[in-house]
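Residue numbers (the UniProt record's numbering), protein chains in the order written: chain A, 1 to 176; chain B, 1 to 348.
Glycine included, C-beta positions come from ideal geometry on N, C-alpha and C.
As the structure is a computational prediction, the values presented were derived from the model and not from experiment.
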Amino acid sequence: MINAHPVVHAKKERVARSEDLHSDDALDALDVFDILPPVASSICFLLDLSTELLEFDSVRDIKDPEHPYSLEQLSVLSEESITVDEKLGRIKIIFTPTVKHCSMATVIGLCLRVKLIQSFPPHFKVDINVSPGSLADEEAVNKLLNDKERVCAALENPSLRQLVDECLYSNELYSL
Amino acid sequence: MELLDGELELRVIQKLEGHTDRVWGLAWNPAATGVTGMLASCSGDKTVRIWQKGPSGSWDCSAVLEDTHARTVRSCAWSPSGKLLATASFDGTTAVWEHVGGEFECVATLEGHENEVKGVSWNASGSLLATCARDKTVWIWEAQPGNEFECVSVLQGHTQDVKMVQWHPFLDVLVSVSYDNSVKVWTEDGDDDWHCVQTLGEASSGHTSTVWALSFNSVGDRMVTCSDDLTLKIWDTSQNPSETSGDGCGSWSHLCTLSGYHDRTIFSVHWSREGLIVSGAADDAIRLFTESKDSLVDQPSYKMLVKKEKAHDMDVNSVQWNLKEPRLLASASDDGTIKIWELSEVSK
Chain A
1 MINAHPVVHA KKERVARSED LHSDDALDAL DVFDILPPVA SSICFLLDLS
51 TELLEFDSVR DIKDPEHPYS LEQLSVLSEE SITVDEKLGR IKIIFTPTVK
101 HCSMATVIGL CLRVKLIQSF PPHFKVDINV SPGSLADEEA VNKLLNDKER
151 VCAALENPSL RQLVDECLYS NELYSL
Chain B
1 MELLDGELEL RVIQKLEGHT DRVWGLAWNP AATGVTGMLA SCSGDKTVRI
51 WQKGPSGSWD CSAVLEDTHA RTVRSCAWSP SGKLLATASF DGTTAVWEHV
101 GGEFECVATL EGHENEVKGV SWNASGSLLA TCARDKTVWI WEAQPGNEFE
151 CVSVLQGHTQ DVKMVQWHPF LDVLVSVSYD NSVKVWTEDG DDDWHCVQTL
201 GEASSGHTST VWALSFNSVG DRMVTCSDDL TLKIWDTSQN PSETSGDGCG
251 SWSHLCTLSG YHDRTIFSVH WSREGLIVSG AADDAIRLFT ESKDSLVDQP
301 SYKMLVKKEK AHDMDVNSVQ WNLKEPRLLA SASDDGTIKI WELSEVSK
């Protein structure tokens with residue numbers, strides 16, 4: 001296990017939001033953040049599955065990190081790392097993989113992209129990058145995550161699609 | 001080109017709806033009868049649609065080519081005779097369709113690439129077909145009698161997925177562009193042996209990120225490429241690479257770079273017979289460029305002629321000039337639509 005004891009940060013308190021995302025209320029970084037589920041709780045799911053899908057296959061040796069924490073708690077994401085320009089219809093996300101050679105970065109990035117595509121009007125442009133210095137192959141990961149052709153092809157791959165869906169929709173499962 | 005002296009605009013003639021997912025590629029049939037011809041479009045919905053201008057003057061879908069590709073159809077290309085349509089798919093295959101009496105029949109399926117096939121192109125005579133894929137290879141297929149296609153060469157050289165292949169307009173010179181940021185030029189040595197004669201990379205004033213597409217001008221002495229680095233580059237391709245000595249000295253060279261226009265990835269570029277370059281990008285815009293009048297022979301410069309912002313609601317994936325009607329343009333987008341545009345002078 002690469003990261004048995006992740007540094008866990010306290011979740012920030014924030015005012016509950018009940019507005020529909022597609023309502024007339026202005027979108028802001030907080031909106032983007034709120035729609036991202038506690039992805040990390042389901043990352044353990046991902047690690048059991050084949051990882052050749054995105055050509056980053058060094059995950060094999062990670063067995064079951066079982067991190068029952070959210071991405072925010074793991075500092076993978078924070079409100080400060082999300083920029084929304086509603087006028088231009090652009091969203092910029094910078095996330096920080098919790099281990100230097102976190103090969104799951106591409107899968108996490110893919111999950112973030114799918115979630116944002118599903119949650120925002122289709123004309124929004126989404127840029128997803130890992131934070132500078134957080135990964136050895138940061139440039140390669142950034143390039144892959146922002147190549148829409150590679151992302152489309154990845155999402156047509158049934159096993160990878162399943163991976164992403166499980167990552168995004170398995171929270172209910174975990175809270176049972 | 002006097003007509004181009006006035007202020008120009010792109011006007012939508014018609015929006016073609018029917019695809020149920022993003023539209024990736026377009027191809028005008030080079031031989032279709034009638035002035036405006038026939039347009040093929042391919043999509044993430046796994047189908048290819050054929051569009052023709054009906055008696056009422058509107059463009060209608062005349063055929064849907066489906067149940068052949070299991071995944072996204074990324075690109076399509078007509079043979080020079082206009083009788084065959086080749087379609088490249090993320091399912092790893094390239095299909096060849098024959099157009100007989102208004103019907104399209106899949107007459108061949110080319111298998112061999114390890115994964116997503118992204119580009120397909122016929123050479124000028126229609127005897128050779130090139131395909132490229134994420135598996136980093138370019139395959140050359142020979143068309144044989146009875147719609148048989150035999151792979152004659154597998155070209156290795158790119159270090160990442162190959163986004164597009166395109167033959168020179170009349171020479172058997174093939175160009176491929178890649179996620180590895182380079183442009184490669186391939187020729188045959190006369191013995192069915194194909195090899196890379198030149199790589200246009202960063203060291204040759206090339207692109208600094210993924211190269212998505214390329215297009216030659218009508219006489220084939222210049223080529224334009226477009227990239228994720230937000231630039232278009234013009235190359236001098238007047239030398240025949242088959243005839244240069246093998247001293248490693250490249251025969252094609254960088255002429256100029258058009259930057260500061262599109263602000264997101266440029267996915268498509270096409271050079272018209274009249275010399276107009278059209279580009280389509282992830283900024284939802286279409287732009288037209290032309291060579292400046294004060295352009296020098298060895299240091300040409302290009303200027304933007306028309307900027308059409310919000311040409312589509314989402315990314316523009318493909319832009320293609322009609323081959324017969326030089327001011328007719330088609331564009332395809334992530335918004336699932338195709339638009340037919342007319343370039344005309346702004347009416348005062």
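With a CB to CB cut of under 7 Å and the five nearest residues on each side skipped, what residues in its chain are close to B:G82? N29, P30, A31, A32
Looking at the structure shown, is A:L53 part of a helix, part of a strand, or coil, going by DSSP? Legend: pLDDT at A:L53 = 34, less than 50; position of this residue unreliable, value from coordinates given subsequently. Residue state, collapsed to three classes: helix.
8 Å Cβ cutoff met for B:A86 and B:W122: yes
Integer-rounded CB distance, given that A:I128 should sit under 8 Å from A:L112: 6 Å
Compare the C-beta of A:D61 against all C-beta atoms of chain B and say whether one is closer than 8 Å. The predicted model places A:D61 with a pLDDT of 29, which falls under 50 and marks its position as unreliable, so this point remains unresolved.
On the DSSP letters alone, give me the boundaries of the alpha helix (DSSP H) that A:V141 sits inside. 138 to 145
Could you check what DSSP says for A:I35 in three-state terms: helix, strand or coil? Unreliable placement is indicated for A:I35, whose pLDDT of 48 sits below 50; the coordinate value is still reported in the next sentence. If DSSP states are grouped into helix, strand and coil, A:I35 belongs with the helices.
Using the beta-carbon count (16 or more within 10 Å), is B:W320 buried or exposed? Looking at the sequence shown, residue 320 of chain B is not Trp but Gln. It counts as buried.
When you compare the CB positions of B:T265 and B:A285, do they come within less than 8 Å of one another, or not? no
Between the stretch 105 to 119 of chain B and chain A, which residues of the former have CB atoms less than 9 Å from a CB of the latter, in chain order? N115, E116, K118
Would B:G44 pass as an interface residue toward chain A - the criterion being a Cβ-Cβ separation below 8 Å? yes
Neighbour list for A:E156 in chain B, Cβ cutoff strictly below 8 Å: R71, T72, F90
Whole angstroms is fine: what's the gap from B:T137's alpha carbon to B:W167's? 16 Å
Do B:T290 and B:L16 count as a contact pair if the criterion is CB distance below 8 Å? no
beta-carbon A:S134 near the ligand SAH non-hydrogen atom, thresh 7 Å: The ligand content of the structure shown is nil, which means the ligand SAH is not present either.
Who are the neighbours of A:P132 on chain B, taking C-beta pairs under 8 Å? None at all; the shortest Cβ gap to chain B is about 17 Å.
Sub-8 Å separation of B:S58 and B:W51 beta-carbons: no
With 8 Å as the threshold, decide whether the Cβ of residue 349 of chain B is near any Cβ in chain A. In the structure as shown, chain B begins at 1 and stops at 348. Residue 349 of chain B is therefore absent and cannot be evaluated.
Proximal chain A residues relative to B:D229, where beta-carbon distance stays under 8 Å: Residues of chain A passing the Cβ test: none, with the nearest at roughly 11 Å.
Taking the alpha-carbon of B:W341 as reference, which of B:S347, B:S333, B:R327 has the nearest alpha-carbon? B:R327
For B:Q14, tell me which candidate among B:L329, B:T237, B:N217, B:G119 has the shortest Cα-Cα distance. B:L329
Is there a C-beta anywhere in chain B that falls below 8 Å from the one on A:K125? yes
Determine, for A:D147, whether the minimum Cβ-Cβ distance to residues of chain B falls below 8 Å. yes
Alpha-carbon spacing of B:E309 relative to A:R90, whole angstroms: 16 Å
In chain order, what residues of the same chain have a beta carbon less than 7 Å from the beta carbon of A:R150, not counting five sequence neighbours either side? L144
Burial state of B:K303 (16 or more Cβ within 10 Å): exposed
Where the beta strand (DSSP E) containing B:Q198 begins and where it ends: 194 to 200
Can you give me the C-alpha to C-alpha distance between B:N317 and B:G44, rounded to a whole angstrom? 12 Å
If you run the structure through DSSP and keep just helix, strand and coil, what is B:D135? coil
Which residues in chain A have a C-beta closer than 9 Å to the C-beta of B:T137? List them in chain order. Under the 9 Å cutoff, chain A gives no residues; its nearest Cβ is about 15 Å from B:T137.
Opposing strand residues paired with B:M38 [DSSP bridges]: B:Q52
Secondary structure, beta strand (DSSP E): runs of 3+ residues fully inside the UniProt repeat "WD" (204 to 245) of chain B: 211 to 216, 222 to 227, 232 to 236
Give the interface partners of B:D313 over in chain A, defined as CB-CB distance under 8 Å, in chain order. P122, H123
Rank B:S178, B:D172, B:S209 by C-alpha distance to the C-alpha of B:D192 and give the top, closest one. B:D172
Would you mind reading off the limits of the beta strand (DSSP E) that contains A:R113? Per DSSP, A:R113 belongs to no beta strand (DSSP E); it is in the alpha helix (DSSP H), 105 to 119.
Using C-beta distances below 7 Å, list every residue in its chain close to B:D21, excluding the 5 sequence neighbours before and after it, in chain order. S43, G44, D45, G336
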